[in-house]
Amino acid sequence: MEGAADSGRAAALARLLHRDCTRLLQLYKEREDFLSQHAPGGERLVTLALCPEAPSTAEQVGHVRSALRRCMELLECLIVREVEEMGEELQGEYESLRKTVKDRLGHLLHSTGALLENGEGGCPPSPPKQCTEDEVEGSDSFAAKLWTYRVLLELIHWTDSASQTLHVFHTEKHGQQQLL
Amino acid sequence: MQGWVTLALLLSLGVECSLGQNGVGELPVPRGLTLNPDLPAQTLSLTWQSDSSLFDLEIFHTELMNVVLNETVAVKTDPVTGLHSWTWHSPLPLECTSHSAHIRARNQQSVSQWSPLQTIPGSDIPEKSESNMFPQDKVVPVGSNMTFCCIVKEKEDFKEIMYGRQEMSATRLSRRTYAITATNQPVSGNTGTNVICCSQRLTLTGAVVFVGYPPGDEGLVCETRDLASAECSWKKGRDTGLRMRRSRTKYTLNGRDCLEANERKRWWCSSKAWEQSWTLVARNPLGTVQLTDSAQLTDRVHLLAPVNVTAVEVKAWSATLQWSWSVAAYKKLEMVCQLQLFAHELNSTRNYSGPGLSSVVLESLWPDVDYTVTLYCGSKHGFWKWGDKSAPYRIHTKMDRPDALDVWMWMDSSNTGRVFWKPLSVRKSHGALVGYEVSQSSAEEDGWTPVSLPPGNFSYPIILNNGSDITVAVAARNPAGLSQPSTVTTPAYRADSQLSMSELLSTNGSFVLSWQPNANASSGYAVEWVPTGCSGLCPVDWKKVPESDSSFTLNSDSLVAGVRYTVSVYALSTGAPTLLQRWQGYSQEMTPSQSVRELLPNQSGSDVLLSWKATAMENQRGFIRGYTIYLANAAHLELIANISDPEVQSYRVKGLSLSSYKFVVKAYTSAGEDAGATVAIKMEMDTADMLFVGILVPLGIMFCCLILISICCYKKREWVKKAFYPEIPGPKVPGDWSSPQGPLDVKPSPHSLVHIVESPEWDFTKEGLFPVPEEEEESENDNIEVDADSDEPALLRYYNQVVGDGSHGNQVSDSSGSSNTSVDSTQTEITYAGIQSPTSSQGACGGGGYRPQMQSVIGPAEPQIEFEADFQDDGLHAGYKPQCSWQLDSPEAENFSGSLGSPTSVTSSQFLIPESSEEKPQPSNTWFHNFLSGKS
């Protein structure tokens, strides 16, 4: 029953994180109001192109966890960039929630890692990128704003995906333990 | 790129051909024109070689060949390079589109041919197909104008450019480039102002501009805290609005980076060593500010706070305070320190000075007081500012004996009084009091008799047993000891009535007193004030005045408005106080709180005398200046008198008519009238008037009415007689009745006797009353005789009785309802006998004869007997019996001859009026019948 409880907690955490990320994007749109009227395009920042096929739910959890790990890298880069640009003077709701998302994302990565017994479903690590140079396409502020927007979109997408996958995983785990 | 170069060559050739055709090429064409753009600065430097010094310049937006510059400039040759150089600042970012330039030499009106067109490519050339926007991340001052350009992605169409939330009007510069100009830009938000360009396919590109202010810092001041290093601070000034790291203000102090300020922690910089002058440079992308300061170190000493403040010796009136310094260099510094002592109503600030001051003795403290001490110091020489304050330190001084009490004695009679003392303030009690000790001595008794009182007592009663003076000593006690005793000797009692007191007028609620100096006032004077007329535990108050003064102002704080005070001045000496002067007055007069008492009206003819009594003194609340008398009408009061003499307490209201009146009497002081007492009176007539109006007038009116009725009835007597007393037809009898034939000898018929007399022994010949032989009859007769108050004649009553008995015996045969009613009623008249009843009349007619009622002469009972006989004989006897034979045969018959048996009697007429009237017989209208019948 302990595994089911862990998977349940991880699923609940993923749902909570998804709501946090949605709210974070909303706050960002309020700050950069042009984003409310114009949705910038661009390629996905986080893909599972390198990941093998994932027929089982556990493997899918592993894939999602790989994506969340990449999201974590992007979020950390985002925070570094924004603190670098704006300093730590601004301590509004956006900055506070940004830190919360980072912390909870770390907890989710940890808890999903614990769910996977043998690290199944893991994807090959993406090549390391320098935050300020490689991650952001373009060095100007407007490009950074668009990039931040896309990072937040990725966070929303993958936390939602994690929430659904972990829910399925938890349901299966719970069913198996019921049978046992 | 190749296509672009081809286009430029073609344009150059075209220009040359054009110039060649004009034939104006005498001056040599400038050579080697080169364009060097500075993209961030949006400048374009042109360099060329030429022998001339005056040139025409033209710069185009290459694609549409729009001339953006056409200018003649004088440019000298650089002696070093031998080149001509000229820089153009473009309002448009040079990346927005390709720019081309050419140049020609000018010498007054002659010009050379244009040099070949030189071009710098923009970012809208086909090789750069992506969308773009310029300039990026520009920092500009508030209010400036700025041009932005948007390069649309290849094969897409331009839609709009937004500056913030504002859609701007765009100008097309090339096939893919559109530009806007933002004017008078406002300060940006935290992350800059976004300028967005959008294509029809919603491809988004944009730029951020940071609009702000140059640094506004001011007021650099440097000081030392440790007598070695320096701390420089300044005011930040206006917010630059630039928060991005790249555009923030950077600070340097004397050429060194100011880390404290650049990290945005504090607006100060520190330096390890003191320098004579200081320069702070504040710089951001929009400008630079330079602040300077210079001073000697000794003039800028800002001491740190003393530490370890302690009180080493605390006494009742003093304490020693010690502290230490965290900087060793302070020990040699000549400093001045300031101590702030906070206590309840005892706040004070004290200054101390000395080299390296670290302890002071606090004098003039008050015993048993909680003090809070705060300490700070500064450099004595070249004082700059007070140093930091020490942490508050608490000192509680020890107790001491109380001060002497202020004692006074007030006599409320010749041999009783009370000694008063004022409570000691915190400053004088020197510790919480635990009680008082009162001692008294007299000339007759040796020694003092002490009495201890709890601390809540502030008076003690005094009784003079034999009229000799008593000296009382009062002392206060606290844990530290007993105060010095204060003594007072009983003053001589002087009642108010024994003195001629003057009225004391207040000034703004205060009494200003002055008196003649008295030589005996060796110890000064005492001013005593007490509510007038007070007895028992009175709020006696006093104030002692030095002998040098002969005036005193009694403030309104110690007086109650609306209370009359007796103010006395005593001369104080070693003996008993001597009364010098006494007044009475109000600090503030008010309207009386109660109305006059016992307001009474007293009518005297048409006048009303109003009298009243003044209200009690405690309710007067001011000197009564008089009274006002009002007549209360329905809605208002009508002033009828104003009595300005308060001693007059009555008023006569004259000439009032008979009506109800309501009077209001109000007493007034200088503050106004009271609510008023009301009295109502209904004016009544005099006795003589009442007699006239109440009796004589109604009698007169009634008399007149009777006369009028009489006249009226007399005038209409024929009608009245016909209506109420029709003519009785005359009897028709055979024979001659015209001449009298002598008196009729009418004797009762034997037949009648048989019917009437029940007892054969009854002798009808006897006159007077004959009692009925039955017992009941006798008793009733007895009653008649006893009942002297009855208005009904005895004979008549007897008659009634007989009739009643007869009726009882002949109920069935009585054909007259009226007779029945008459029989039942004790008021029934007796003579409406059967002869006048309709039945009887009919019987008379049927019988054909009239029978006179002659039996009345026999006695009172006889009519009834006759009546019954007639009644019974109605069917037997015919013919009329004339009444002319009526005679008074007996004296008793005269008593009722006017009524009983008379055909014109009231009772007879009553019987003739309608039936309804029979229910209420009118026994007293006999005169009226006589009147109607014409009899006197």
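Those protein sequence lines, which keep their order, are chains A and B.
Residues in the first sequence are numbered consecutively from 71, following our numbering.
Residues in the second sequence are numbered consecutively from 19, following our numbering.
From the three backbone atoms N, C-alpha and C, an ideal C-beta is built for every residue, glycine too.
Between Ala493 of chain B and Leu423 of chain B the beta-carbon gap is near 7 Å, inside 8 Å, which marks them as a contact. Listed in chain order, the positions of the region 138-155 of chain B with a beta carbon within less than 7 Å of a beta carbon of chain A are Gln154, Asp155.
Judged by beta-carbon spacing, Thr127 of chain A lies within the 9 Å limit of Phe239 of chain A, meaning their Cβ atoms are closer than that value. Interface residue (Cβ-Cβ distance to chain B less than 9 Å): Glu129 of chain A is not classified as such. For Lys99 of chain A, no Cβ of chain B is located within less than 9 Å of the residue's own Cβ. Inclusion of Ala689 of chain B and Thr633 of chain B in the CB contact set at 9 Å is not warranted, their separation being larger than that value. For Glu113 of chain A, the nearest beta carbon of chain B is not closer than 9 Å to its own beta carbon. Beta-bridge pairing by DSSP links Asn620 of chain B to B:Leu627. Pairing Trp547 of chain B with Arg412 of chain B, the inter-Cα distance amounts to about 43 Å. In the structure shown, Cys552 of chain B falls within a coil segment according to DSSP collapsed to helix, strand and coil.
Rounded to the nearest angstrom, the gap between the Cα atoms of Asn326 of chain B and Lys398 of chain B is 22 Å. Cβ proximity to chain A below 7 Å picks out Arg261, Met262, Arg263 from the region 237-270 of chain B.
Of the candidates B:Pro420, B:Trp439, B:Asp418, the residue whose Cα lies closest to the Cα of Trp428 of chain B is B:Trp439. For Ser231 of chain A, the secondary structure class from DSSP, reduced to helix, strand or coil, is helix. Per DSSP, the continuous alpha helix (DSSP H) segment holding Ile149 of chain A begins and ends at 127-156. Looking at A:Thr117, A:Leu95, A:Thr229, the one whose alpha-carbon comes closest to that of Pro197 of chain A is A:Thr117. Your pair Cys141 of chain A and Trp217 of chain A does not check out as a contact, with CB atoms roughly 13 Å apart and the cut at 8 Å. For Ala741 of chain B, the enclosing alpha helix (DSSP H) begins and ends at 735-742. Partner residues in the beta bridge of Tyr669 of chain B, as assigned by DSSP, are B:Leu628. Residue pairing for Glu249 of chain B: DSSP places it in a beta bridge opposite B:Glu241, B:Ser288. Taking 9 Å as the threshold, the shortest C-beta distance from Asn212 of chain B to chain A falls below it. Using a Cβ-Cβ cut-off of 8 Å, Leu220 of chain B is close to His108, Ala109, Gly111 of chain A, given in chain order.
The region 528-545 of chain B and the region 576-595 of chain B touch, with three or more beta-carbon pairs separated by less than 8 Å.
Put simply, the CB of Ala225 of chain B is near chain A, with a gap under 9 Å to one of its CB atoms.
Against chain A, the beta carbon of Asn302 of chain B has no neighbour under 9 Å; the closest one sits roughly 14 Å away.
In the displayed model, Gly176 of chain A falls within a helix according to three-state DSSP. Its chain contains Thr182, Leu185, Leu186, Gly191, Thr235, Leu236, Phe239 as the residues whose beta carbon lies nearer than 7 Å to that of Val131 of chain A, once the 5 sequence neighbours on both sides are disregarded; these appear in chain order. The region 90-101 of chain B and the region 159-171 of chain B do not touch, with fewer than 3 CB-CB distances between them shorter than 8 Å. Fully enclosed beta strand (DSSP E) runs of no fewer than 3 residues occupy 504-507, 520-522, 528-532 of the region 502-539 of chain B, in order along the chain. At least one C-beta of chain B is nearer than 9 Å to the C-beta of Ser211 of chain A.
For the pair Asp155 of chain B and Leu271 of chain B, the Cα-to-Cα distance works out to about 28 Å. Here Arg639 of chain B is buried, its C-beta having at least 16 other C-beta atoms within 10 Å. Inter-residue distance for Val354 of chain B and Asp386 of chain B is about 29 Å (C-alpha atoms, whole angstroms). The straight-line gap separating the alpha-carbon atoms of Asp388 of chain B and Thr415 of chain B is approximately 7 Å. Trp217 of chain A sits in a helix when the DSSP states are folded into three classes. Taking the CA atoms as reference points, Thr434 of chain B sits about 13 Å from Ala513 of chain B.
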